[in-house]
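A short worksheet on the structure shown next.
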DNA sequence: ATTGTTTATGTAAACGGTTACATATAGTTT
DNA sequence: AAACTATATGTAACCGTTTACATAAACAAT
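Chains as they are written, first to last, in the working numbering: chain A, 39 to 367; chain B, 39 to 367.
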């Protein structure tokens, strides 16, 4: 690999001059610039980011910490982040925390040691480890966080919408899946649904599901229909769980949506390929990722920031696990 | 952030001594070591990776390049890579190439500029841009690559298995979905299936699907059943496509597996939650990721390497989109 | 007592960039 | 002609580590 010294020698100038043409700073004569540029091309030189980061005390890297990329909600988020960050010349240092505080700390540490320019984190430990004293710009994704920058979807409203829609479409014995207690967005949805259901004239049950894993989703679906065989509506905590519920209901020979209506949450890409295709509350995952990246990059560039918090709207995607409602209704 | 100098001052030694205790190299008196260690703790010091990388000309970073993390096959791969790499003290610099050569080059460039210790790439451009002249240890994932290190699943055999199973279970008019031509593993599967189908006494058609996108999957599924309404067996190019086929078949009122059998490829986590749950050829994605990481890390550590190529076996996961075959059959 | 080895520590040069500062020439003003 | 300014370039310090080399004390061997 050629270094700036090699270029300087080839162009018969000092390294300072080369650095000047590289960064377009200070004065440099047109002729010299050309000589330098030629040398750069000839040597196929490109500056060493590590050296640059060392002097500048800051790199072109962004740390991205997700709970688990294997959960289908996160790839879209990650992609949103990547696309925006990449567009602005930054790259991603990526890790999964598994919602485990030690792993999270380990990654934060890595981020610091590698001089990342900023951090985007979608973890629940947020409060506990105080990103603020890190003095590194950060934004929290998929989690509202009071004193800090954050981008999230309106989970509570999502829960309300889900409840309203399912009630309006005729379910009277509804089971709502609560989702893991430590996952804030899941709790928001749950609260929203509860709020509406409480005000409605319907029976409902709550079932807690302690994780978002594929394995367990199946078991919960089974449990659901043994415990509440007469349920005619299910508000799932996310689309994976909803998929499991569709699966189990179909296995039991229930007609969807005639016998049971099901509403999911997230709108992961596969939702529309399920059969029946899943009606769900959509979180704009990709956009959330992008917005988070934009917000972070604005901070880094010291651009003016309109708001520390970006709450993205959530929408009801009507597909075929809910009944149609006539337009006059 | 405290630097090594601060520690040296606090412990009343030179930076060299601090560095010695940090790296456990050379001689250092027991008492001095203790003083240094105390100073490190007091100042909450931890070495700057950037400076270290600069001197060492190599970081603790691994570049990971995937086509698109949004395709459900890749998160598992990525996770396998991450877990292994992380275990051995390395971190991930991550990017999506979209199978686009410019993006790929851009990322390779980033990797080089950031002194990554190694690269894991799951792209098809491999040959074209010659990772070898990079002089950075690399392994190719999900792609066989002749002169280079690679980890992949036995796609051809997978195709054979799929064909054998579907024929054995009674399908006589089979449609095989070909998958994008530029995706090598998809072609391997296709070839394998073709090989067996050619030798069998069955009718079959080939339909090309030019991408793995969710959107288009649906359209192809529709096209499939309008073009070949009498098909009683479908070998899909991957599980997403298979999901779309299940969806469409169900929509048309076909019984699965009685009227049509469907076999997918990959065994993405959601496959078992589809209804009917999907019979598929499983690629051990997570293990592939881990193996790739192990292979790379062995190279980096100059450990002896048994083989440049690791071909992982593929297995038939029998679920409910294929008929049962009696054990005496 | 002299020499050689082992242990312990420090000094300074690297790694590859950026930039403050010094210097020099050319072109403008007065 | 003197003084000032704009342009052009170089020198060297710095970012925070690691390590080759130098130095010195302690101890052992002759």
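Cβ coordinates follow ideal geometry from the N, Cα and C atoms, glycine included. Keep in mind the model is a prediction, meaning the values are calculated, not measured.
Query	Result
Per-residue contacts from residue 133 (chain B) into chain A (C-beta, under 8 Å)	120, 124, 129 and 130
Residue 304 (chain B) versus residue 197 (chain B): straight-line alpha-carbon distance, rounded	11 Å
Residue 206 (chain B), enclosing alpha helix (DSSP H) - first and last residue	193 to 206
Nearest neighbour of residue 276 (chain B), chosen from B:215, B:315 and B:333 [CA to CA]	B:215
Range of the contiguous alpha helix (DSSP H) that encloses residue 61 (chain A)	53 to 61
Endpoints, the beta strand (DSSP E) within which residue 123 (chain A) is located	It is not in any beta strand (DSSP E) - residue 123 (chain A) instead sits in the alpha helix (DSSP H) that spans 112 to 125.
Alpha carbon of residue 349 (chain A) to alpha carbon of residue 312 (chain A), nearest angstrom	29 Å
CB contact below 8 Å: residue 339 (chain B) versus chain A	no
Of the listed residues A:253, A:48, A:91 and A:254, nearest to residue 70 (chain A) (C-alpha basis)	A:48
Proximal residues, the region 72 to 103 of chain B versus chain A, C-beta separation under 9 Å	84, 85, 86, 87, 88, 89, 90, 91, 92, 95, 97, 98, 99 and 102
Opposing strand residues paired with residue 214 (chain B) [DSSP bridges]	B:244 and B:273
Residue nearest to residue 23 (chain A) in terms of C-alpha spacing, selected from B:297, B:100 and B:189	The question about residue 23 (chain A) has no answer here: the residues shown for chain A are numbered 39 through 367.
Rounded straight-line distance, which links the Cα of residue 85 (chain A) to that of residue 72 (chain A)	18 Å
Residue 320 (chain A) - containing beta strand (DSSP E), residue span	317 to 320
Beta-carbon proximity list for residue 322 (chain A), same chain, < 6 Å, skipping 5 on both sides	350
Pair within 8 Å by beta-carbon distance, residue 102 (chain B) and residue 130 (chain B)	yes
CB contact below 8 Å: residue 299 (chain A) versus chain B	no
Neighbouring residues, chain B, relative to residue 313 (chain A) (Cβ below 9 Å)	281, 284, 285, 286, 287, 288, 289, 312 and 313
Contact set for residue 367 (chain A): own chain, Cβ-Cβ below 7 Å, skip 5 residues either direction	Note that residue 367 (chain A) has pLDDT 42, beneath the 50 cutoff, so the model's placement of it is unreliable and the number below is only indicative. For residue 367 (chain A), where only same-chain residues beyond five positions count, there are no Cβ hits under 7 Å.
Contacting positions in the region 247 to 258 of chain B - beta carbon closer than 8 Å to chain A	252, 255 and 256
Own chain, CB closer than 6 Å to residue 358 (chain A), minus 5 neighbours either side, in chain order	314 and 315
Simplified DSSP assignment, three categories, for residue 220 (chain B)	coil
Touch test, the region 187 to 195 of chain B against the region 324 to 342 of chain B, Cβ-Cβ under 8 Å, three pairs minimum	yes
Where residue 256 (chain A) sits in the DSSP three-state scheme	helix
Rounded distance between the beta-carbons of residue 128 (chain B) and residue 155 (chain B), thought under 8 Å	7 Å
Chain B contact for residue 307 (chain A) (CB, 8 Å cutoff)	yes
Any C-beta of chain B under 8 Å from that of residue 157 (chain A)	no
Whole-angstrom distance between residue 158 (chain A) and residue 178 (chain A), CA atom to CA atom	6 Å
Spatial distance of residue 278 (chain B) from residue 250 (chain B) (CA atoms)	7 Å
Test item: CB-CB of residue 92 (chain A) and residue 89 (chain B) under 8 Å	yes
Any chain A beta carbon closer than 8 Å to residue 151 (chain B)	yes
Residue range of the unbroken beta strand (DSSP E) whose run includes residue 349 (chain A)	347 to 350
Residue 256 (chain B) to residue 282 (chain B) span [Cα, whole Å]	5 Å
Close-in-space but distant-in-sequence residues of the same chain around residue 60 (chain A) (CB under 7 Å, 5 per side omitted)	85
N- and C-terminal bounds of the alpha helix (DSSP H) containing residue 149 (chain A)	139 to 151
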